[in-house]
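Asks:
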């Protein structure tokens, strides 16, 4: 089965290049399990009796870790007691891009026959490959691909021989959104930080208390950890926004060069390399008459009056702090160049900053 995607890319010289990407999907990729009679595999990697001494998972099971679990718990995965683990192609590629040392250690584990680690090529399997949806980030797409592959394994093993009865597939993740969506799909999923502790107990590297082995109390603990993690992320974003506002508060209106990162139906997202700042230039503000806007999703391009905006176009914008609402101060950007009548604003008069006096040594 062949899937192809065609899109147009603008070159540095201003030309247009058509790119066609082909993706081949197959239906003869093995699952790697000894209990499977459907896959015509010569030698299986995953054992029939996949049991690890654990009070949490007393039944036979295969483990599918997501990318963060592999990156942060590689020491635990290297222990001899951890066996029968499915490494998805999606996870392997992400680990390769994010950490070369961890990728090498993971490849070494996969090559150890005693560990029974199996690499499943989910990105080329007809039933597990997914395409990125409009507006979906690459990370969310990969998380969804991991969930789809986990669900496929669960259903695939259920349709195998009767020996597979009781064999389950467990997804390990520390992402709250991924956890919630996996639970909605009736997948077995455990939080990364809890799994790390339980795996350490399983290999006699740590001790724990009885409450941690109770699944109801463990669920409440995992929910509390996920909540605190989410709140810390909110605090981090608020801190970045606060200090950004402090930086521009005393600088008035600045005139800076930038580049178009994204094109929207009524705005462009601009990156200012000097400050590492991203901002939005809106063209349909309430205090001005809306210009003629034509958005082309295939480009993507946005035509404002007679000017076309494309990704990576160079522009000039003003940067200022809007303090009209003291509780919701925002960084505002307005277009200077290219000059579009009724849309662009005049360049502000920027006074040269006085040089700081040198300190006497």
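Numbering (the UniProt record's numbering), first residue to last: 1 to 361.
Virtual Cβ for every residue (Gly too), placed ideally from N, Cα, C.
This structure is a prediction, so every number in the text was calculated from the model and none was measured.
If you draw a straight line from the C-alpha of residue 153 to the C-alpha of residue 147, how long is it?
Replies: Cα to Cα, the separation comes out at about 10 angstroms.
Asks: With respect to the beta strand (DSSP E) encompassing residue 297, which residues constitute its N-terminal and C-terminal limits?
Replies: From DSSP, residue 297 is part of no beta strand (DSSP E); its letter is neither H nor E.
Asks: Quick check: what's the CA-CA separation for residue 296 versus residue 277?
Replies: Answer to the nearest angstrom: the Cα atoms are 26 angstroms apart.
Asks: Measure the alpha-carbon distance for residue 269 versus residue 221 and round it to whole angstroms.
Replies: Their backbone Cα atoms lie some 40 angstroms apart in a straight line.
Asks: Which residue spans inside the segment 234-313 form an unbroken beta strand (DSSP E) run of at least 3?
Replies: For the segment 234-313, whole beta strand (DSSP E) runs of length 3 or above, ordered along the chain, are 254-263, 267-272, 277-282, 293-296, 301-304 and 307-310.
Asks: Note down, in chain order, each residue of its chain lying with its Cβ closer than 8 angstroms to the Cβ of residue 301, except the 5 sequence neighbours on either side.
Replies: If we look at residue 301 and ignore the five residues flanking it on each side, its Cβ neighbours are 263, 295, 308, 309 and 310.
Asks: Tell me the DSSP bridge mates of residue 322?
Replies: Bridge partners of residue 322: 330.
Asks: Using the rule of at least 16 other Cβ atoms within 10 Å of the residue's Cβ for burial, across every protein chain shown, is residue 178 buried or exposed?
Replies: Its Cβ being crowded by 16 or more others within 10 Å, residue 178 is buried.
Asks: Are the CB atoms of residue 65 and residue 49 within a distance shorter than 8 angstroms?
Replies: Not closer than 8 angstroms, so no.
Asks: Taking C-alpha atoms, which residue in 88, 117, 90 and 44 lies nearest to residue 77?
Replies: It is 117.
Asks: Using alpha carbons as the reference points, say which of 105, 81 and 41 lies closest to residue 51.
Replies: Ranking the options by Cα distance to residue 51, first place goes to 81.
Asks: Can you tell me the Cβ-Cβ gap for residue 71 and residue 87, rounded? I've got them flagged as a contact below 8 angstroms.
Replies: Not confirmed; about 13 angstroms, so no contact.
Asks: Between the C-alpha atoms of residue 183 and residue 172, what's the straight-line distance to the nearest angstrom?
Replies: Computed Cα separation, rounded: 12 angstroms.
Asks: With a threshold of 16 other CB atoms inside 10 Å of the CB of residue 34, please say whether the residue is buried or exposed.
Replies: That one is buried.
Asks: Does the Cβ of residue 75 have 16 or more other Cβ atoms within 10 Å, making it buried, or fewer, making it exposed?
Replies: That one is exposed.
Asks: Relative to the alpha-carbon of residue 314, which residue among 338, 122 and 108 has its alpha-carbon at the smallest distance?
Replies: Cα-wise, what sits closest to residue 314 is 338.
Asks: State the DSSP-derived secondary structure class of residue 114, mapped to helix, strand or coil.
Replies: Three-state result, residue 114: helix.
Asks: Within 10 angstroms of the Cβ of residue 247, are there 16 or more other Cβ atoms? Answer buried if so, exposed if not.
Replies: By the neighbour-count rule (16 or more Cβ atoms within 10 Å), residue 247 is not buried but exposed.
Asks: Given that a residue counts as buried once 16 or more other Cβ atoms are within 10 Å of its Cβ, and exposed if not, what is residue 167?
Replies: Buried, since its Cβ has 16 or more Cβ neighbours within 10 Å.
Asks: Applying the 10 Å Cβ sphere with the 16-neighbour rule, what's the burial state of residue 333?
Replies: When all chains shown are included, residue 333 counts as buried.
Asks: Let me make sure I understand the geometry here. Which of 285, 292, 261 and 245 has the alpha-carbon closest to that of residue 319?
Replies: Among 285, 292, 261 and 245, the Cα nearest to that of residue 319 is on 245.
Asks: Please confirm whether residue 125 and residue 19 have their CB atoms less than 8 angstroms apart.
Replies: Not closer than 8 angstroms, so no.
Asks: With a CB to CB cut of under 8 angstroms and the five nearest residues on each side skipped, what residues in its chain are close to residue 68?
Replies: Answer for residue 68: 173, 174, 175 and 192, listed in chain order.
Asks: Would you please state the rounded distance, in angstroms, between the beta carbons of residue 253 and residue 348? I believe it to be under 8 angstroms.
Replies: Confirmed, Cβ separation roughly 4 angstroms.
Asks: Measuring alpha carbon to alpha carbon, tell me which residue in 335, 341, 6 and 39 is nearest residue 159.
Replies: For the residues 335, 341, 6 and 39, the minimum Cα distance to residue 159 belongs to 39.
Asks: Under a Cβ-count criterion, where at least 16 other Cβ atoms within 10 Å of its own Cβ denotes burial, should residue 94 be classed as buried or exposed?
Replies: Buried is the call here.
Asks: Using the beta-carbon count (16 or more within 10 Å), is residue 122 buried or exposed?
Replies: By the 10 Å Cβ count, residue 122 comes out buried.
Asks: Would you kindly check if the distance between the Cβ of residue 344 and the Cβ of residue 336 is under 8 angstroms?
Replies: Contact: yes.
Asks: Note down, one range per segment and in chain order, each alpha helix (DSSP H) of at least 4 residues found wholly within the segment 137-167.
Replies: Within the segment 137-167, the complete alpha helix (DSSP H) runs of at least 4 residues are 138-158.
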